[in-house]
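Trainee: I'd like to ask some things about the structure below.
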Amino acid sequence: MRTVLGIVNRVFLGLVGLVLLVLGGSVLAVGLGAPVPSWWIHDSKHDVLLSNAERTRWRDDGWWWPVVIAALAVLLLLALWWLVAVLRRRRLAEVLVDTGDGEGALLRGRALENVLTQEAAHIDGVGGAHAHLKGRRSAPEAHVRLALEPHVDPGTALADFTTGPLTHARTSAGLASLPAEVRLKGVKHGAERVS
Numbered sequence: 431m432r433t434v435l436g437i438v439n440r441v442f443l444g445l446v447g448l449v450l451l452v453l454g455g456s457v458l459a460v461g462l463g464a465p466v467p468s469w470w471i472h473d474s475k476h477d478v479l480l481s482n483a484e485r486t487r488w489r490d491d492g493w494w495w496p497v498v499i500a501a502l503a504v505l506l507l508l509a510l511w512w513l514v515a516v517l518r519r520r521r522l523a524e525v526l527v528d529t530g531d532g533e534g535a536l537l538r539g540r541a542l543e544n545v546l547t548q549e550a551a552h553i554d555g556v557g558g559a560h561a562h563l564k565g566r567r568s569a570p571e572a573h574v575r576l577a578l579e580p581h582v583d584p585g586t587a588l589a590d591f592t593t594g595p596l597t598h599a600r601t602s603a604g605l606a607s608l609p610a611e612v613r614l615k616g617v618k619h620g621a622e623r624v625s
């Protein structure tokens, strides 16, 4: 979901930027006296953006203002959804560690992610790993991606990760449980020559 949102975000911002650049550049060019094509919406640098007739064209129609308000409301809701999606924190900043004295300590989420990533990368047959934490600081969840070499059995790699790095992270942070979502993919490699 995160990659889809990132792609949508980049495409949306790119399109909006391109449209604004073209419109702004054309208005600037016309304002500086550049020649205007016959099909362009402005005739000269003294032309107005909306004439009086264009501005008051549908003012007396009963459907006009509800449609304008509804369209602006939809645009506002889409802009707010986009803003919340961009600003929402996707990673867990800290994990609450029970120290046994009733106080507790805070462990940086990035530190635990780095340990999980490094230990998982050292598992036999794992070509690369990436981990990040989500959830609440008292109940974190690990989301891990493992890139497996072609000769590795996925079940064995998953068992090695569960009994190794995941168990170490859970016990070192003093957590009762550390649920994990592990995604496995194969490392890209060239075709082997058969002789």
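To get our numbering, take the position in the sequence shown, counting from 1, and add 430.
No residue lacks a Cβ here, since even glycine has one placed at the ideal position from N, Cα and C.
(1) Please report the straight-line C-alpha distance between Gly555 and Ala610, rounded to a whole angstrom.
(2) In its own chain, which residues sit with a C-beta less than 6 Å from the C-beta of Asp590, not counting the 5 before and 5 after it?
(3) Please say whether Leu578 and Val617 have beta carbons closer to each other than 9 Å?
(4) Would you list the residues sitting across from Leu576 in a DSSP beta bridge?
(5) Between the Cα of Ala509 and those of Leu448, Asn439, Arg567 and Val460, spot the shortest distance and give me the residue it belongs to.
(6) Since Gly527 sits in a beta bridge, which residues does DSSP pair it with?
(7) How big is the Cα-Cα spacing for Ala464 and His560?
(8) Whole angstroms are fine: how far does the CA of Arg613 sit from the CA of Arg397?
(9) In chain order, what residues of the same chain have a beta carbon less than 8 Å from the beta carbon of Trp512, not counting five sequence neighbours either side?
Mentor: A quick look at the data gives this:
(1) As the crow flies, the alpha-carbon of Gly555 is around 20 Å from that of Ala610.
(2) Result list for Asp590: Ile553, in chain order.
(3) Cβ distance < 9 Å, so Val617 and Leu578 count as in contact.
(4) Note: Leu576 is bridge-paired with Ala559 and Leu614 in the DSSP secondary-structure output.
(5) Out of Leu448, Asn439, Arg567 and Val460, Asn439 has the C-alpha closest to the C-alpha of Ala509.
(6) It is worth fixing the name first, because residue 527 is Val in this sequence and not Gly. In the DSSP output, where bridge partners are listed per residue, Val527 has Ala535.
(7) Counting only the Cα atoms, His560 lies some 54 Å from Ala464.
(8) As shown, the chain starts at 431 and ends at 625. That puts residue 397 outside it, with no answer to give.
(9) Answer for Trp512: Asn439 and Phe442, listed in chain order.
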